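*Asks:*
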Amino acid sequence: HKANADQYPIDPTYYQAEVALGEHGRYGQKSGKGFYKYEKGDRKRYDDPEAIEILRKRAAELQIPQVAHTEEEVVERCLYPLINEGFKILEEGIVMRAADIDVVWTSGYGFPRWRGGPMHYAEAIGLKKVLDGMLKYKDRFGPMHWEPSKLLVELATSGKTIAQWEKARG
3 HKANADQYPI
13 DPTYYQAEVA
23 LGEHGRYGQK
33 SGKGFYKYEK
43 GDRKRYDDPE
53 AIEILRKRAA
63 ELQIPQVAHT
73 EEEVVERCLY
83 PLINEGFKIL
93 EEGIVMRAAD
103 IDVVWTSGYG
113 FPRWRGGPMH
123 YAEAIGLKKV
133 LDGMLKYKDR
143 FGPMHWEPSK
153 LLVELATSGK
163 TIAQWEKARG
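Structural data, given as structure tokens:
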């Protein structure tokens, strides 16, 4: 991460969790431990108090207060930027249909199939809710990762569905 520091936000604490774990030889599944422990030949993750202690110490060194987040905030902060990127690649013509994005995520990345993929999920909870969340986090964290795509803004404010937009686009 130090080699690519210019690609990260100005906030020096941004990637410190990964740096701290790396300093202790914790590289994830390939080393058998990272944020979690992994048993050899098993991809299942196990909670690891040692990792938590490493992260607590680094946070204390950097004077980063521990903050409790709601489950809803964790979901929003993980999924809304992902959904927004989906809208960007739709508007740029990189993919033709939102369903293609959903197939990649449900078949290739383990997104819960019962949610239908990130784009389907966005419509299920409401594009206006996604847009409002993006704007809320943009105000809190700045535009990196939180600047809503033009297409998301257009659909959320007009009330059109992705399918209607795809049909009109042709």
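Per our numbering: the sequence shown = residues 3 to 172.
Even for Gly, the Cβ is constructed at its ideal location relative to N, Cα and C.
All of these numbers come straight from a predicted model, not from anything done at the bench.
#1: Please report how far the alpha carbon of E75 lies from the alpha carbon of L81, in whole angstroms.
#2: Run through DSSP, which three-state label would Y40 get?
#3: To the nearest angstrom, how far is the alpha carbon of F89 from that of P114?
#4: Find out if the Cβ-Cβ distance for the pair L133, L153 is shorter than 8 Å.
#5: Determine the closest residue to K140 out of E78, I127, T108, V106, with distance taken between C-alpha atoms.
#6: Using a Cβ distance threshold of 8 Å, determine whether the stretch 50–57 contacts the stretch 20–33, with at least three qualifying pairs required.
#7: Which residues mark the beginning and the end of the alpha helix (DSSP H) in which Q18 is found?
#8: Determine whether the beta carbon atoms of T108 and G95 lie at a separation below 8 Å.
#9: In this structure, does DSSP put K35 in helix, strand or coil?
#10: Y40 to Q166, Cα distance in whole Å?
#11: Excluding five sequence neighbours on each side, which residues of the same chain lie with their C-beta closer than 8 Å to the C-beta of E93?
#12: Name the residue from Q18, T72, G112 whose alpha carbon lies nearest to the alpha carbon of E63.
#13: Measure the C-alpha to C-alpha separation of V1 and M136 and round it to an integer number of angstroms.
#14: Using DSSP's beta-bridge definition, name the partner residues of G30.
*Replies:* On the basis of the data shown:
#1: 10 Å
#2: strand
#3: 19 Å
#4: no
#5: E78
#6: yes
#7: 18–25
#8: no
#9: strand
#10: 45 Å
#11: S151, K152, L153
#12: Q18
#13: Only positions 3 to 172 of the chain appear in this structure, which leaves residue 1 out of reach.
#14: K35
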